[in-house]
Amino acid sequence: MGQAVVKRELRQALIAERRGLPAALWQAQSHGLCQQIAGTELFQQAQTILAFLSFRQEPSLAALWNSSAGQNKRWGMPRCVGKSLVWHDWKVSEPLMSGAFGIKEPTQSSPIIDPAQADLILVPAVGCDRQGNRLGYGGGFYDRLLSRDDCKEIPTIGIVFDFAYLEQLPQDPWDCSLDAVCTERGYFPVGEAEVG
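Everything in the sequence shown is counted per the numbering used here, starting at 5 for the first residue and increasing by one.
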């Protein structure tokens with residue numbers, strides 16, 4: 005079985021498990037995950053954070069940007085344009101629209117952020133492993149972002165529920181690894197002992 009097939013089947017299984025979470029459990033786990041992120045030094049020190057809006061029961065980061073600490077941050081949210089992500093300055097009070105793939109995103113008129121200005125990138129994922137590898141949705145949007153020369157040094161945290169934090173994922177040469185993974189159970193810097 006080819007690696008592409010393995011990735012596709014794993015992706016389908018993890019998305020199905022995530023979408024099967026009861027709403028109350030999804031909310032509780034999202035909240036727990038936000039508390040874990042808020043406790044990290046990376047989050048506390050960051051001023052500009054690139055994040056994402058939950059889609060298909062991805063962990064919701066709403067508790068993070070609604071928190072007192074989160075309200076003092078500058079948030080960048082992605083808008084899908086062709087095969088790239090365009091990042092926009094976003095505040096909780098600002099409207100969102102339904103963009104490509106039905107994902108909520110900032111309006112086109114929102115101010116643009118250069119992703120290289122970010123101090124931290126919270127990366128959505130279908131799954132992550134203990135080596136910092138990430139299973140995305142197959143479009144390569146984040147691999148293209150993270151492989152940019154001006155973004156390579158920005159700390160990255162993969163955001164998944166604990167059931168999607170796996171021992172090892174199949175990898176391709178173009179996949180970009182993460183600096184840490186965060187779940188509702190803990191914050192796990194790659195290459196360090198587990199914290200949480």
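Heads up, the beta-carbon is just placed ideally off N, CA and C, and yes, glycines get one too.
Remember, predicted model here, so these are calculated numbers, not experimental data.
- Annotation: residue 161 to residue 27 spans about 24 angstroms, alpha carbon to alpha carbon.
- Close CB contacts of residue 35 within its chain, under the 7 angstroms cut and outside five residues either way in sequence, are with 67 (chain order).
- When DSSP states are grouped into helix, strand and coil, residue 96 belongs to the coil group.
- For residue 162, the enclosing beta strand (DSSP E) covers residues 160 to 163.
- Around the CB of residue 11, 16 or more other CB atoms lie within 10 Å, so the residue is classed as buried.
- Nearest to residue 20 by alpha-carbon distance, out of 76, 47, 44 and 131, is 131.
- With contacts defined as CB atoms closer than 8 angstroms, residue 52 and residue 83 fail to qualify as a contacting pair.
- Measuring C-alpha to C-alpha distances from residue 57 to each of 25, 126, 45 and 166 identifies 126 as the nearest.
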